[in-house]
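Scroll down for the structure; my scribbles are underneath it.
Numbering (our numbering), first residue to last: 7 to 423.
What follows is the structure in structure tokens.
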């Protein structure tokens, strides 16, 4: 098996965490499927798969003799890797590719790993989209208080709120389709990105390799143009931001004072060691925390874009930690959102009671707009504003306060009168 020049950043997350003496991730940040996708064993297995794909591409383009690809594929197996040696040599060299080349010829398929990770993300986003679509339809006529600055603003429906959440997630589905076309590029270019070692066969081999791996063939080598990696992680941060907004809404709506929703009931979930009555919105708390973790990874990837010449001297090391962390955080957050929304307990009675809690003040804008047709907007605003102040002062209803204002009584009749 001949040596292949690595053209991607190495990813040895376990070794990287060990080198920094980091402890294990908290339980709520773990997700077996995506963690396995970015595990050491899986990553090396992807390297082997890419090596086999490269040999098939080279053989098809005549760059290596016929039959060699079958031999390479037959003898390439992740079970043959000496993990202890790979780990110790990685700590010495600083990245795992050269030590891996010492054991076997390989090529590092970063984007294939991210492609599979995005597949997990896409599946979960689409599940949440379907859940929110169902909720928006189910609660389209369920009235509740719309709030701005955490104060009653205008009446809305819970279905409308779900629709706002839904629209954001649907845009992420659209973004993901664009990202798959724009960012999942095969990375293969030799030491300086020129494919010089393959001569005239280089571009054909790269195109064939992209086809075999299910990636796109780039216009030009992107070793030191890391915008595609940064875009993927920033996309994950956007998803985390949308989920964080949903989580914050749910956390406030779960408060005892509002009591409008509750996360799915699971015995002892969200319980307190000292307060038996507690039912904390754990999923929402985790989602909110992970939105901040994702934002931090996005910033790291923007820093990693600033590279020097034809092979970076170090910024790409940031990707070793940021890429897997971002995927693990995003998938964990999506799982929590899927759980919380799919089983969300909606208290329609509390929503209506809260809507009525300000004794009609929430419809002050509608009164003002109706009165403005007779008095002009500015005067109408002042009239209704004074009525609202009187209702606050007397703890009465807006209707009672308006009935004391001559210009209002003259021009507006109460509904049902």
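Each residue gets a CB set at the ideal place from its N, CA and C atoms; glycine is no exception.
With 16 or more other Cβ atoms from the protein chains shown falling within 10 Å of its own Cβ, residue 290 counts as buried.
Between the C-alpha atoms of residue 308 and residue 407 there is a straight-line separation of about 56 Å. Of all C-beta pairs linking the segment 212-229 to the segment 252-260, fewer than three are shorter than 8 Å, placing the two stretches out of contact. Across the structure, residue 165 and residue 187 are spaced so that their CA atoms are roughly 33 Å apart. The beta carbons of residue 207 and residue 67 sit closer together than 7 Å. Counting only the Cα atoms, residue 58 lies some 12 Å from residue 84.
When C-beta atoms of the segment 324-331 are compared with those of the segment 228-243, three or more pairs fall below 8 Å, so the two segments count as touching. Residue range 149-154 is occupied by the beta strand (DSSP E) that includes residue 152. For the options 119, 181, 140, 197, the alpha carbon positioned closest to that of residue 172 is the one of 140. Membership of residue 324 in the alpha helix (DSSP H) is indicated by the continuous run 323-348. Burial is judged here by how many other beta carbons sit within 10 angstroms of a residue's own beta carbon; residue 156 has fewer than 16 and is exposed. Between residue 195 and residue 227, the gap from beta carbon to beta carbon is short of 7 Å. Under the criterion of beta carbons closer than 8 Å, residue 300 and residue 242 qualify as touching, at roughly 6 Å. Across the structure, residue 183 and residue 128 are spaced so that their CA atoms are roughly 9 Å apart.
According to the DSSP assignment, residue 163 belongs to the beta strand (DSSP E) that extends over 157-163. In this structure, residue 169 places its C-beta atom within 7 Å of the C-beta atom of residue 142.
Secondary structure note for residue 380: its alpha helix (DSSP H) is the uninterrupted segment 370-381. Burial of residue 62 is indicated by the presence of at least 16 other C-beta atoms within 10 angstroms of its C-beta. Taking the C-beta atoms as reference points, residue 282 is found no nearer than 7 Å to residue 260. Burial is judged here by how many other beta carbons sit within 10 angstroms of a residue's own beta carbon; residue 53 has at least 16 and is buried. Inter-residue distance for residue 153 and residue 201 is about 59 Å (C-alpha atoms, whole angstroms).
By alpha-carbon distance to residue 249, the top candidate from 304, 273, 175 is 175. Relative to the Cα of residue 350, the nearest Cα in the group 145, 82, 120 belongs to 145. Considering only 275, 371, 133, the residue with the shortest C-alpha distance to residue 391 is 371. Between residue 387 and residue 374, the CB-CB gap stays under 7 Å. For residue 241, the enclosing alpha helix (DSSP H) stretches over residues 233-259. Rounded to the nearest angstrom, the Cβ distance from residue 258 to residue 44 is 34 Å, too far for a contact under 8 Å.
For residue 309, the enclosing alpha helix (DSSP H) has its first and last residue at 288-310. Residue pairing for residue 222: DSSP places it in a beta bridge opposite 191.
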